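Asks:
There are 2 protein chains.
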Amino acid sequence: MNNELYSSLLESILLEIKPSKSDYERVREVCRKFTTAIEKKLAEKGVKDAEPRVEGSIAKDTWLKDDKDIDIFILFPKTYDREFVKKVGYEVAKEAALEVAGMYSEEYAEHPYVSTNYEGFKVEIVPGYKISFGEKVLTAVDRTPLHTAYVNSKLSPVQKDQVRLLKKFLKGIGVYGAEIKVRGFSGYLTELLIAYYGDFLSVLKASQTWKPFKTVIDVESKLSSEEKVKAIKKYKTPLIVIDPVDPNRNVASALSIDSFAEFRYAAYMFLIKPSRKFFFGDGINVSVSELANLIESRESSIIGVETDCPQVPEDILWGELYKSLKRIKNLLLSFDFNVIGHNVWCNGERVVFVLELERDTITSVKKHEGPPVGSANEIDFLLKHLNNPRDFSLPFSENGKWYVYMRRKYTRAHDLLRDRLLNCGLSKDVREAISKNLHILNKTELLERAKKNRDFRIFLFKWLTKYRPWVYDSRGECK
Amino acid sequence: MNNELYSSLLESILLEIKPSKSDYERVREVCRKFTTAIEKKLAEKGVKDAEPRVEGSIAKDTWLKDDKDIDIFILFPKTYDREFVKKVGYEVAKEAALEVAGMYSEEYAEHPYVSTNYEGFKVEIVPGYKISFGEKVLTAVDRTPLHTAYVNSKLSPVQKDQVRLLKKFLKGIGVYGAEIKVRGFSGYLTELLIAYYGDFLSVLKASQTWKPFKTVIDVESKLSSEEKVKAIKKYKTPLIVIDPVDPNRNVASALSIDSFAEFRYAAYMFLIKPSRKFFFGDGINVSVSELANLIESRESSIIGVETDCPQVPEDILWGELYKSLKRIKNLLLSFDFNVIGHNVWCNGERVVFVLELERDTITSVKKHEGPPVGSANEIDFLLKHLNNPRDFSLPFSENGKWYVYMRRKYTRAHDLLRDRLLNCGLSKDVREAISKNLHILNKTELLERAKKNRDFRIFLFKWLTKYRPWVYDSRGECK
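For the record, the sequence lines run as chains A and B. Using numbering that gives the first Met the number 0, read the first sequence as starting at 0 and increasing by one per residue. Using numbering that gives the first Met the number 0, read the second sequence as starting at 0 and increasing by one per residue.
(1) So, do the region 71 to 85 of chain B and the region 159 to 178 of chain B have three or more beta carbon pairs nearer to each other than 8 angstroms?
(2) For a contact defined as C-beta to C-beta under 8 angstroms, what are the partners of residue 410/B on chain A?
(3) For the beta strand (DSSP E) that contains residue 114/A, what are its first and last residues?
(4) Roughly how many whole angstroms lie between the Cα atoms of residue 52/B and residue 58/B?
(5) Would DSSP call residue 2/A helix, strand or coil?
(6) Chain B partners of residue 392/A, CB-CB under 7 angstroms?
(7) Find the nearest neighbour of residue 412/B within the set 427/B, 328/B, 388/B and 436/B, judged by alpha-carbon distance.
(8) Near residue 253/A, what residues of its chain come up, given a Cβ to Cβ distance below 6 angstroms and the 5 sequence neighbours on each side ignored?
(9) Below 8 angstroms, how does it come out for the region 356 to 369 of chain A and the region 399 to 408 of chain A: are there three or more Cβ pairs, yes or no?
(10) Do residue 36/B and residue 95/B count as a contact pair if the criterion is CB distance below 7 angstroms?
(11) To the nearest angstrom, report how far apart residue 468/B and residue 283/B are at their CA atoms.
(12) First and last residue of the alpha helix (DSSP H) that includes residue 485/A?
(13) Count the other CB atoms within 10 Å of the CB of residue 186/B; is the residue buried (16 or more) or exposed (fewer)?
(14) Which residues in chain B have a C-beta closer than 8 angstroms to the C-beta of residue 458/A? List them in chain order.
(15) Using the Cα positions of residue 156/A and residue 379/B, report the straight-line distance between them to the nearest angstrom.
(16) Ordered along the chain, which non-local residues of its own chain (more than five positions away) have a Cβ less than 8 angstroms from that of residue 335/B?
(17) With a Cβ-Cβ cutoff of 7 angstroms, do residue 174/A and residue 393/B count as a contact?
(18) When you compare each of 117/A, 460/A, 54/A and 133/A to residue 291/A by their alpha carbons, which one comes out closest?
(19) So, residue 103/A versus residue 113/A, is the Cβ gap smaller than 7 angstroms?
(20) Helix, strand or coil for residue 384/B? Go by DSSP, reduced to three states.
(21) What number of angstroms, rounded off, separates the C-alpha of residue 385/A from the C-alpha of residue 396/A?
(22) Tell me residue 342/B's beta-bridge partners as DSSP assigns them.
(23) If you run the structure through DSSP and keep just helix, strand and coil, what is residue 404/A?
(24) Taking 7 angstroms as the limit between beta carbons, can you name the residues of its chain near residue 67/B, skipping five residues before and five after?
(25) Is residue 196/B helix, strand or coil when you go by DSSP?
(26) Assign residue 17/A to one of three DSSP states: helix, strand, or coil.
(27) Select from 44/B, 280/B and 138/B the residue whose C-alpha is nearest the C-alpha of residue 466/B.
(28) What does DSSP give as the partner residue(s) for residue 485/A in the beta ladder?
(29) Using a 10 Å radius around the Cβ and a threshold of 16 neighbouring Cβ atoms, would you call residue 262/A buried or exposed?
(30) Can you tell me the Cα-Cα spacing of residue 211/A and residue 260/A, whole angstroms?
(31) Considering residue 211/B, what are the terminal residues of the alpha helix (DSSP H) in which it resides?
(32) For a quick check, are the C-beta atoms of residue 218/B and residue 230/B less than 7 angstroms apart?
(33) What residue range is occupied by the uninterrupted beta strand (DSSP E) comprising residue 396/B?
(34) Based on DSSP bridge pairs, tell me the residues matched to residue 481/B.
(35) Starting from the beta carbon of residue 381/A, find every residue of chain B whose beta carbon is closer than 9 angstroms, and list them in chain order.
(36) May I have the straight-line CA-CA distance separating residue 159/B from residue 197/B, to the nearest angstrom?
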């Protein structure tokens, strides 16, 4: 594809994703309502030198039309005591939210902050300190205004549109966001990539040269080559992006190797064959019979572990879900069930861990490996298996190693899960949920769930086929 | 067990295995007939300075009552031409065998020699050169008379009985003989172990201190410690025994690590709990239903590959059988059939390769591992699996490595064997036999064969259970 065709595709996408005049007006109006309320509450408490400030993608003008997130900070001078900022800041935020939106909920990062919903927007009000470039941050959120200032000083309006394209691309391929569920690219990281490489296409091209765990992007060229080597050793992340407002911070610290790989894969494919589908998907739907046929043809076994969704903050939830998933997988593996796929689905109410096994029923007999012939623990092994009712054979040597045919404790995955799930190291809240409510689902039961729930059905299909709308024109080719 | 009980057990065993006066007389008589005939034939050909000589265990008086092997060498002075010895030696041997036994068969080691059967004995007549200690051997067999002389000079009559005990013990546990089928302890090796350690029990005790691939037994203490280190590097066998008549030769070169392990295992058990069973077994019998139950309870799959036995010399046959067995095993493994056991049975007429698989039917879907994310061949992998009809999914990254769900070519072991057995690198004669006559046997067919053939039935039982009579009092404990 030549450059003109690229530009016309990207321009048409930009037209769809860039906020319109009325979008801008609406957001401005909402922000104004909150900042006015905050100012009022500050004044009521006699705080004259603190102020509300809109931050995030709206302040940087890198937001997408469909973005519904507004971040408002309440910035105090550094002369204020931490406890005061924490307490009074939170009260002001709470009262302002109640006044404007009539509701609030308490969130917690390093300090408590307030989240509320208003006219379709999710508004977060966060107290913090006002600091300047180079000053030490007092709380983790204090860096945000510096990021805003940095991005606004670096990016031209044209480049901010390039940020929008890259954000939408990352969303389209499923790797946008630094939260644990995604472990992808944060908004600030996206902005820095455009600042460094210039535009959307240049970032895609550059990604093909990135060496995992070896690439350091130093936007402000502040590091010497020795410091870059040190950064590689220090961060051990697939990509290292030095924060221009704090050279001791890696902006890409949340990015997983798999999100990194997915981005490079998608970028490679886009550069070969660009399409809207990278940005918008293709509105996939999957019928129950299509899913059933797919599962049938694989001849594998799929097991679901279903329980209630713990009601904890999003990042904690996904940390727990992934940890628990890994433990369930390891439990099955350690008893010789060959897990060839694993994933977890959650809609906020229910959780289903899904595991694809080559077989859910395995043989009684297991060829169990012992120590090498002539090793120190040889005799222990021989004596242990001298008269063991669990064994199908005596020990035997094969190419210099001892083995024995043992009887497996579990030959059915269902039995193993039923007996040992609660003691396999699940995370606290998941364990509690499972101890109260557990369904171990077989193939038929999973398909029943998939029949009732379209989202779950598409989840299963994508999990099994690793379907990406941007690879195939018709997904018939994918099976 | 105290030493007295040991001695009474060993004495009673010795009584059973030591040749009686009439055994000696009978052997002497048979030997005399052949040596007389050889002398006559040599004289007829005008060869005055060559002579027949009884060698092997009979010459060394280390033979067992039930030994039916007699070795007779025809020794020529070194002045004779090699071609002459080969030609005339073979003719003399052949004519003598015909005269005494009325039949002969041609065997071949380095030179052709003659084998015949007479009055229940297997008599081998081998031409060679008469050499003295320290002289260079001209043919491989020339060393044998030196071994005879060495053993006779070293071992007392009491020690020769200890050799008999050790030989019988090695036979009883299945590791006597240097031939490829066994890869165990040769007669000469057995004699040297008694010469070095003194008696039967001392060899058993010493074996517990042997470190595989690191123990050098230097009967005549001819090697310096540096030379011993060199010998370890040179031979790479589980046990190294320097030949006292040729320090550049390792008498234990044929011993496999598994026979080595088996001997140490049996020796350990004997020292704990001595019994006749180590020497004589326990006359095991196995019913078809017992075997069928055993197979059923393991829940695995057993497959037989049956063909005609190639009519080639014993050592070549077993070399081919083991090589072919390994290739069949590797064929199955390379297509993801998990082979947990393999063995081959042959009665001289039929051959059955047996393979125990966890499953003989596996799933269509396979989680296939690709290159690491960011490696040079990443793109090749992604493009190869872009639109591959054999795939169940697109590629995906998991912990930094690419994978894809592929469709397996073979999901039934039977189909794989039917299609690919002839092209998996079988040995020449086995391949030829299989190309003419092949039965792939399922569990039922194997049990049919086992019903008709007691030897095959016991073979299957021992293979599956690794049954040793000397471990269990009743084999009920073994299942």
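The beta carbon of each residue, even a glycine, is placed where N, CA and C say it ideally should be. As the structure is a prediction and not an experimental result, all values here were calculated from the model.
Replies: Per the coordinate set shown:
(1) no
(2) For this step, residue 410/B is matched to residue 411 along the second sequence. The contacting residues are 298.
(3) By one-based count along the first sequence, residue 114/A stands at place 115. Segment 111 to 117, the beta strand (DSSP E) holding residue 114/A.
(4) Locating residue 52/B in the second sequence gives position 53, where the first residue counts as 1. Locating residue 58/B in the second sequence gives position 59, where the first residue counts as 1. So the two alpha carbons sit approximately 9 angstroms from each other.
(5) Position 3 of the first sequence, counted from the start, is the residue given in the question as residue 2/A. Residue 2/A sits in a helix when the DSSP states are folded into three classes.
(6) Taking the first sequence and counting its residues from 1, one reaches residue 392/A at position 393. Going along chain B in sequence order, the residues near residue 392/A (Cβ under 7 angstroms) are 463, 464 and 465.
(7) On the second sequence, position 413 is the one that residue 412/B refers to. Selected option, being the one with the closest Cα: 328/B.
(8) Residue 253/A sits at position 254 when you count from the first residue of the first sequence. Excluding positions up to five away in sequence, the list reads 177 and 182.
(9) These segments touch.
(10) Position 96 of the second sequence holds residue 95/B. Position 37 of the second sequence holds residue 36/B. Yes, the Cβ-Cβ distance between residue 95/B and residue 36/B is below 7 angstroms.
(11) Taking the second sequence and counting its residues from 1, one reaches residue 468/B at position 469. Taking the second sequence and counting its residues from 1, one reaches residue 283/B at position 284. Taking the straight line joining both Cα atoms gives about 8 angstroms.
(12) Only positions 0 to 478 of chain A appear in this structure, which leaves residue 485/A out of reach.
(13) For the purposes of this step, residue 186/B is taken as residue 187 along the second sequence, with counting starting at 1. Answer is buried; the Cβ neighbour count reaches 16.
(14) The sequence position of residue 458/A within the first sequence is 459, counting from 1. Within chain B, no residue has its beta carbon less than 8 angstroms from that of residue 458/A; the closest one is some 14 angstroms off.
(15) As a first step, residue 156/A must be located in the first sequence, where it is residue number 157. As a first step, residue 379/B must be located in the second sequence, where it is residue number 380. Residue 156/A and residue 379/B: Cα-Cα distance of roughly 39 angstroms.
(16) Looking up residue 335/B in the second sequence gives position 336. Closer than 8 angstroms at the Cβ level, and outside the excluded window around residue 335/B, lie 361, 365 and 407.
(17) Position 175 of the first sequence, counted from the start, is the residue given in the question as residue 174/A. Position 394 of the second sequence, counted from the start, is the residue given in the question as residue 393/B. Not closer than 7 angstroms, so no.
(18) Within the first sequence, the letter at position 292 stands for residue 291/A. It is 460/A.
(19) Along the first sequence, one-based indexing puts residue 103/A at 104. Along the first sequence, one-based indexing puts residue 113/A at 114. Taking 7 angstroms as the Cβ cut-off, residue 103/A and residue 113/A qualify as a contacting pair.
(20) If you number the second sequence from 1, residue 384/B lands on position 385. Residue state, collapsed to three classes: coil.
(21) Translated into positions along the first sequence, residue 385/A becomes position 386. Translated into positions along the first sequence, residue 396/A becomes position 397. Approximately 14 angstroms between the Cα atoms of the pair.
(22) Sequence index remark: in the second sequence, residue 342/B carries index 343 (1-based). Residue 342/B pairs with 353/B.
(23) Position 405 of the first sequence, counted from the first residue, corresponds to residue 404/A. Here residue 404/A sits in strand by DSSP.
(24) For this step, residue 67/B is matched to residue 68 along the second sequence. 119, 120 and 121, listed in sequence order.
(25) Position 197 of the second sequence holds residue 196/B. Looking at residue 196/B - three-state DSSP - the assignment turns out to be helix.
(26) Residue numbering aside, residue 17/A sits at position 18 when the first sequence is read from its first letter. In the structure shown, residue 17/A sits in coil (DSSP, three-state: anything other than H, G, I, E or B).
(27) The residue labelled residue 466/B in the question sits at position 467 within the second sequence. Measuring from the Cα of residue 466/B, the nearest candidate turns out to be 280/B.
(28) Outside the shown range of chain A, which is 0 to 478, sits residue 485/A, and nothing can be said about it.
(29) By one-based count along the first sequence, residue 262/A stands at place 263. When all chains shown are included, residue 262/A counts as buried.
(30) Here residue 211/A corresponds to residue number 212 of the first sequence, with the count starting at 1. Here residue 260/A corresponds to residue number 261 of the first sequence, with the count starting at 1. One C-alpha to the other measures close to 9 angstroms.
(31) Translated into the one-based positions of the second sequence, residue 211/B becomes position 212. Counting along the chain, residue 211/B falls outside any alpha helix (DSSP H), and DSSP gives it neither H nor E.
(32) As a first step, residue 218/B is located in the second sequence; it is residue number 219 there, counting from the start. As a first step, residue 230/B is located in the second sequence; it is residue number 231 there, counting from the start. Going by C-beta atoms, residue 218/B is not nearer than 7 angstroms to residue 230/B.
(33) Sequence index remark: in the second sequence, residue 396/B carries index 397 (1-based). Unbroken beta strand (DSSP E) run through residue 396/B: 395 to 397.
(34) Outside the modelled stretch of chain B, which goes from 0 to 478, sits residue 481/B, for which no answer is possible.
(35) The residue given as residue 381/A occupies position 382 in the first sequence. In chain order: 264, 267 and 268.
(36) The residue you call residue 159/B lines up with position 160 of the second sequence. The residue you call residue 197/B lines up with position 198 of the second sequence. Here the alpha carbon of residue 159/B sits roughly 10 angstroms from the alpha carbon of residue 197/B.
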